[in-house]
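Peer 1: Residue numbering for the sequence shown follows our numbering, beginning at 4 and increasing consecutively.
The beta-carbon is built from N, C-alpha and C at its ideal position, and this holds for glycine as well.
Once you've had a glance at the structure underneath, I'll fire off some questions.
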Amino acid sequence: MALAYINLSAKQYFNFMCKTDFERRIYHDTYKEFQKKSKNYSLNHSLHTFSQMCNANEKAQNLHQKLHYSVMNSIESLENKMPVLYDTNNRPVLFDWAELHIFASDLLNKAGHVVSLTYTSPRLILHEIVGDMLILSYDVKGSFNQTFMVKMTDELVVNYEKTRELVYN
4 MALAYINLSA KQYFNFMCKT DFERRIYHDT YKEFQKKSKN YSLNHSLHTF
54 SQMCNANEKA QNLHQKLHYS VMNSIESLEN KMPVLYDTNN RPVLFDWAEL
104 HIFASDLLNK AGHVVSLTYT SPRLILHEIV GDMLILSYDV KGSFNQTFMV
154 KMTDELVVNY EKTRELVYN
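Have a look at this one:
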């Protein structure tokens, strides 16, 4: 029996200290797109940072989504496997979607560019919690799913799905 239905979310940051090809691709592609798409919000080059643009025009928040579009192919190349979250057998946890967020960017300083991707798993069945380990399986209707274990860390976010239930007295 399931204790709960949950989703797991894990965040990956991208800055000038990228190590893998995937990280470098995300970092460079989002900065290049930021240079192009931020022109509408830079007020004739008087604003240089993402935060300045957002303070001057709240529509600059749309840059999160515009930069996300520039890396969709890179995200698809992951084949729905989180590069930052693994089970105890060193298999990547699957994700349903990834969301890009701009933390900071600067048209005059590429080293000031920091973005993140938040990966969110499909619906999971939480079977048990043993210490700091979650015993989970994917919620696939009509089939028995193999359980796997994920260690709880400070970087892992558990999204609990509340369901409405009738309570009898």
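Residue 163: buried (16+ other C-beta within 10 angstroms of its C-beta) or exposed?
Peer 2: Burial call: exposed.
Peer 1: Does the contact criterion of 3 or more C-beta pairs under 8 Å hold for the region 26–33 versus the region 124–143?
Peer 2: No, the region 26–33 does not touch the region 124–143.
Peer 1: Please classify residue 133: is it buried, with 16 or more other beta-carbons within 10 angstroms of its beta-carbon, or exposed?
Peer 2: Result: exposed.
Peer 1: Mind pulling the beta strand (DSSP E) runs of 3 or more residues that sit fully within the region 77–162?
Peer 2: Fully enclosed beta strand (DSSP E) runs of 3 or longer: 84–89, 95–97, 100–107, 117–123, 127–133, 136–141, 151–154.
Peer 1: If you measure between the beta carbons of residue 70 and residue 98, is that distance less than 8 Å?
Peer 2: In this structure, residue 98 does not lie closer than 8 Å to residue 70 by Cβ.
Peer 1: How big is the Cα-Cα spacing for residue 34 and residue 90?
Peer 2: The alpha-carbon atoms of residue 34 and residue 90 are separated by roughly 32 Å.
Peer 1: According to DSSP, simplified to helix, strand and coil, what is residue 40?
Peer 2: Helix.
Peer 1: Would you mind stating whether residue 127 and residue 11 have Cβ atoms separated by less than 8 Å?
Peer 2: Yes.
Peer 1: Exposed or buried, what is residue 143 when buried is set at 16 or more other beta-carbons lying within 10 Å of its beta-carbon?
Peer 2: The residue is exposed, with fewer than 16 neighbouring Cβ atoms inside 10 Å.
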